[in-house]
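Engineer:
Residue numbers (the numbering used here), protein chains in the order written: chain C, 3 to 719; chain G, 2 to 212.
(1) Below 8 Å, can you find three or more Cβ-Cβ pairs linking the stretch 171-191 of chain C to the stretch 356-364 of chain C?
(2) Tell me whether residue 382(C) is buried or exposed, calling it buried when 16 or more other Cβ atoms sit within 10 Å of its Cβ.
(3) So the candidates are 80(C), 65(C) and 75(C); which of them puts its Cα closest to the Cα of residue 87(C)?
(4) What residues are listed by DSSP as bridge partners for residue 553(C)?
(5) Identify every run of the beta strand (DSSP E) within the stretch 375-451 of chain C, keeping only runs that are complete inside it and at least 3 residues long; order them along the chain.
(6) Where do the N-terminal and C-terminal ends of the beta strand (DSSP E) with residue 196(C) fall, by residue?
(7) With residue 261(C) as the anchor, note down where its beta strand (DSSP E) starts and where it stops.
(8) Using DSSP with H/G/I as helix, E/B as strand and the rest coil, what is residue 610(C)?
(9) Using 8 Å as the limit for Cβ to Cβ distance, is residue 91(C) near chain G?
(10) Tell whether a beta-carbon distance below 8 Å holds between residue 228(C) and residue 341(C).
(11) Between residue 412(C) and residue 539(C), what straight-line distance do the alpha-carbon atoms span, to the nearest angstrom?
(12) Spatial neighbours of residue 292(C) within its chain, please: CB distance less than 6 Å, with the 5 preceding and 5 following residues excluded, ordered by chain position.
(13) In the stretch 56-107 of chain G, which residue ranges form an unbroken alpha helix (DSSP H) of at least 4 residues, counting only runs that do not cross its ends?
(14) Between the C-alpha atoms of residue 191(G) and residue 150(G), what's the straight-line distance to the nearest angstrom?
(15) Alpha carbon to alpha carbon, how far is residue 606(C) from residue 658(C)? Give it in angstroms, no decimals.
(16) When the Cβ atoms of the stretch 189-206 of chain C are set against those of the stretch 491-501 of chain C, are three or more pairs found closer than 8 Å?
(17) Just the C-alpha distance for residue 120(C) and residue 35(C), rounded to the nearest angstrom, thanks.
(18) Indicate whether at least one CB of chain G lies closer than 8 Å to the CB of residue 561(C).
(19) In whole angstroms, give me the CA-to-CA distance for residue 203(G) and residue 662(C).
(20) Would you say residue 647(C) reaches chain G, if we count a Cβ-Cβ gap shorter than 8 Å as a contact?
(21) Give the DSSP-derived three-state secondary structure of residue 37(G) in the structure shown.
(22) Listing by chain order, which chain C residues have their CB less than 8 Å from the CB of residue 27(G)?
(23) Thinking just about the alpha-carbon of each residue, which of 665(C), 373(C), 601(C) and 628(C) is nearest to the one in residue 418(C)?
(24) So does the stretch 213-222 of chain C actually touch the stretch 472-486 of chain C, counting three or more Cβ pairs closer than 8 Å?
(25) Identify the residues that DSSP records as bridge partners of residue 308(C): which are they?
(26) Is it buried or exposed, residue 522(C), if we count other Cβ atoms within 10 angstroms and call 16 or more buried?
(27) Please report the straight-line C-alpha distance between residue 73(C) and residue 40(C), rounded to a whole angstrom.
(28) Taking 7 Å as the limit between beta carbons, can you name the residues of its chain near residue 98(C), skipping five residues before and five after?
(29) Can you give, in chain order, each stretch of the beta strand (DSSP E) that sits fully within the stretch 203-242 of chain C and has at least 3 residues?
(30) Shortest alpha-carbon distance to residue 432(C) belongs to which of 398(C), 613(C) and 421(C)?
(31) Would you check whether the ligand PLP has a heavy atom nearer than 7 Å to the C-beta of residue 481(C)?
(32) I'd like to know if the stretch 338-354 of chain C and the stretch 309-316 of chain C are in contact, where contact means that at least 3 CB-CB pairs between them fall below 8 Å.
(33) Is the shortest distance between the beta-carbon of residue 58(C) and the beta-carbons of chain G less than 8 Å?
(34) Does the stretch 581-589 of chain C come within contact of the stretch 534-553 of chain C, defined as at least 3 CB pairs closer than 8 Å?
(35) For residue 167(G), decide whether its Cβ has a neighbour in chain C, counting only Cβ atoms nearer than 8 Å.
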């Protein structure tokens, strides 16, 4: 008898009676049917997919309390507790759209992002390396975007009426001082960081996040690559030197290192140069990176870079060019940074790091030694919390310390030293909230305490974006930004306050099917700029002011013509300042009213080559002619450049690369220097500041050695 | 009391046996469905079934593998790059779940390489270098986990063939691999009744272009 009961129980455990039919319809918020949604009784096989009309129907043998779930890509999952007791169930379900999808609105005012993985980006990481005329320099490539001005004698990023020092570089969130290499006076410098190191670049021409401080005009945020996937050795033979790099990969970590030697001497022997070199630049550079994955999503990154370079030249007197002064220069540079990223639970992410900067310049001018040393540290922690799908909160704190010392021997051979130590402590908080797929707002606040100035500042940063149509979207941004004055002024007056800029930006952008159109209007107000009292550089105040306003256009199309990718940028800039030695308000010498560039790239598979071409135009810049009454009354000729490059891939692991700038040999003049004293006729004699050589030619051969022979260095060029 | 013990143990075992049978039956039906699917809707329906089974059977890698395979199949038919990427994101999601259950399964790793191969097709000019290298390396890893996996060999042959064609290099090595993969398809035997069985056609397609 007992056995019989157990037997019955045993069968009951296998075959349950009382099946129920669950049916219904799944629609979106607009009442449209959703086909292909997955309807299931959680933890069982029972379920169905919705039909084209959104209907579903299935039979389940489950009983009791169960959870019914409905999921579909791009929508929030729907779950409901149901009671199964043999009765049929019918449901009408509305799925809500998930917001963080590819087609949601994003804040685009002021920012250009370039990444490998992100699909809705204006630039791709590889673009930075393959733009003709950029010679694989990050700033060179970004100079083809709207909002920048070509300042040929500097090579730095000048953004919207700001000078080169107003653009701050960050690597993995950590600040970089002296981001540009050493260069002779009035010759362009190159960025110290090679584009191939980075998986993503975000270049902001204004209105950036409260996370980034100590930048008046622009933030260049570089994200270094994650763990490498492939063991490889790269060798480059260049017309100006050579490099060797190696990457070693393990399961959870990777190490890579690169050594580069640059010697322009043989090149300068061949091509006439504007500069009278005694010893043209030679530099030795090494960099190394280590990556370690931690846990499921965490990563620790270490990066280090050192550079040693030197050169010497003769400076010719303007009045009497035969009279020369020897100028010898040595630069020692080191940068190291350690950063981490770790998720804590589902909702929190912690990231942060530490960076160390060291820069030493030693100059001997006409036998008199002088030099400067700058050391900087930066420590930062940021916490991010996804409060919900729609709201994200970010807050953090950082500490920056800059110590600076300049010394020189005066005419009595007594050492004169100017130095300062400036600790800066800052905290920020920012929230980003999506009201819908069409509307997003970001509000942040940043507070800084400047040790030298002994003052606390509080700055708001706000942006909103609205996407009324399927494609186009509007963004608005406002923010107040500040930066301590440059070392050369702060060392004279340690009590100088931070310079301040306010940005107002309106942006419209459409990205559709590999075509991008973008336009931006902005107004920027400068306050508290450094000013000389009565033109005396030994007496500095913060009474300078200025403004910049303009509009910009950008068009990129990689769709219309097969294998052709091109972009066109135009910037209009109207800017004036009353700062430094300006006796009256005037346009600064680095600003040009119109900047225009066209970049084209085409891969021709028949000859296995990629061709690139870039044309740039900048309208005349002002210069001050002491022979004239009007301050900054002179006008340089317009700047023009046509550059070309070609990368030929005869074998998958071999690249031959040739590039040439200024093919047409346009005589670009960036400004004029004048003699300190007038000549016998009472006029100040001028000398044009030209390009160091009319053209720059570069030839390189690059090999990649790896187990897989199809890998080459094209992404790095 | 003894009887009770025996019966409950028996009941438990039969239950397990039936459960396993139920799993294999459900899987087999859907595997047939996905191999024979004609439209994206049919593939999606099969994927949904695999996802339901996967959610119920927490220790089986096959449901996630096949769901992921379904998304890769859909991506091969999709022309829009953004949508293709979305499908490949879903495929990767499934692969990550499968890998969490069985990290050293050659079939999962081979499918991962397939995903990289499809990523290249979205934007060959900018993605080619990175993803083709990753795909090749991943196929190599799949073969080191199981040297007899014909799918890993066939995919490797396909990838090598495409690269050789692009560089106008000899396709000899790629064609040898395609031939070898066909031999491997013939002799391949798995203890797992639910083991994947696709891929022979693509090897034959490569071989056709070789002659």
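For glycine and all other residues, C-beta sits at the position ideal for the given N, C-alpha and C.
Structural biologist: In terms of the structure at hand:
(1) yes
(2) The count along the first chain starts at 1 and reaches residue 382(C) at position 380. The residue in question, residue 382(C), is buried, as its Cβ has 16 or more Cβ neighbours within 10 Å.
(3) Reading the first chain from its first residue, position 85 is the one you call residue 87(C). That would be 65(C), whose Cα lies nearest to the Cα of residue 87(C).
(4) Position 551 of the first chain holds residue 553(C). Partner(s): 523(C) and 574(C).
(5) 393-411 and 417-436
(6) Counted from its first residue, the first chain places residue 196(C) at position 194. Note, residue 196(C): premise wrong, no beta strand (DSSP E); not H, not E.
(7) If you number the first chain from 1, residue 261(C) lands on position 259. Its beta strand (DSSP E) spans residues 255-265.
(8) Counting from 1 along the first chain, the entry for residue 610(C) is found at position 608. Residue 610(C): coil per DSSP, three-state reduction.
(9) Within the first chain, residue 91(C) is the residue found at index 89, counting from 1. No - not a single Cβ of chain G is within 8 Å of the one on residue 91(C).
(10) Residue mapping note: residue 228(C) aligns to position 226 of the first chain, counting from 1. Residue mapping note: residue 341(C) aligns to position 339 of the first chain, counting from 1. No; because the gap between Cβ atoms is not below 8 Å, this pair is not in contact.
(11) One-based indexing of the first chain puts residue 412(C) at position 410. One-based indexing of the first chain puts residue 539(C) at position 537. Their backbone Cα atoms lie some 17 Å apart in a straight line.
(12) Along the first chain, read from residue 1 onward, the residue named residue 292(C) stands at position 290. Answer for residue 292(C): 257 and 304, listed in chain order.
(13) 63-78 and 82-102
(14) One-based indexing of the second chain puts residue 191(G) at position 190. One-based indexing of the second chain puts residue 150(G) at position 149. Going by the C-alpha atoms only, they are around 10 Å apart.
(15) Within the first chain, residue 658(C) is the residue found at index 656, counting from 1. Within the first chain, residue 606(C) is the residue found at index 604, counting from 1. For the pair residue 658(C) and residue 606(C), the Cα-to-Cα distance works out to about 15 Å.
(16) Contact between the stretch 189-206 of chain C and the stretch 491-501 of chain C is absent, because fewer than three Cβ pairs lie under 8 Å.
(17) Translated into positions along the first chain, residue 120(C) becomes position 118. Translated into positions along the first chain, residue 35(C) becomes position 33. For residue 120(C), the predicted structure reports a pLDDT of 49, less than 50, and the residue's modelled location is therefore unreliable. A value from the coordinates is still provided. When rounded, the distance between both Cα atoms is 30 Å.
(18) In the first chain, the residue the question calls residue 561(C) occupies position 559. So, not an interface residue.
(19) Start at 1 with the first residue of the second chain, and residue 203(G) comes out as number 202. Start at 1 with the first residue of the first chain, and residue 662(C) comes out as number 660. Answer to the nearest angstrom: the Cα atoms are 45 Å apart.
(20) For this step, residue 647(C) is matched to residue 645 along the first chain. Not flagged as an interface residue toward chain G: residue 647(C), since no C-beta distance is shorter than 8 Å.
(21) Here residue 37(G) refers to the residue found at position 36 when the second chain is read from its first residue. Helix, per DSSP.
(22) Taking the first residue of the second chain as position 1, residue 27(G) is located at position 26. Those within 8 Å of residue 27(G) in chain C are 47.
(23) Residue 418(C) sits at position 416 when you count from the first residue of the first chain. If we check each option's Cα against that of residue 418(C), 373(C) comes out closest.
(24) yes
(25) One-based indexing of the first chain puts residue 308(C) at position 306. Residue 308(C) is bridged to 288(C) and 336(C).
(26) As a position in the first chain, residue 522(C) is number 520, starting the count at 1. Residue 522(C) should be labelled buried.
(27) Indexing the first chain from 1 puts residue 73(C) at position 71. Indexing the first chain from 1 puts residue 40(C) at position 38. Roughly 5 Å between the two C-alpha positions.
(28) As a working note, residue 98(C) is residue 96 in the first chain. Result list for residue 98(C): 31, 77 and 78, in chain order.
(29) 220-226 and 234-240
(30) Stepping through the first chain from its first residue, residue 432(C) is reached at position 430. When each option's Cα is compared against that of residue 432(C), the closest is 398(C).
(31) Absence of the ligand PLP from the depicted structure is noted, as is the absence of any ligand whatsoever, leaving it without description.
(32) no
(33) Walking along the first chain from the start, residue 58(C) turns up at place 56. It does not: the Cβ of residue 58(C) has no partner Cβ on chain G nearer than 8 Å.
(34) yes
(35) If you number the second chain from 1, residue 167(G) lands on position 166. Closer than 8 Å to some Cβ of chain C, the Cβ of residue 167(G) qualifies, so yes.
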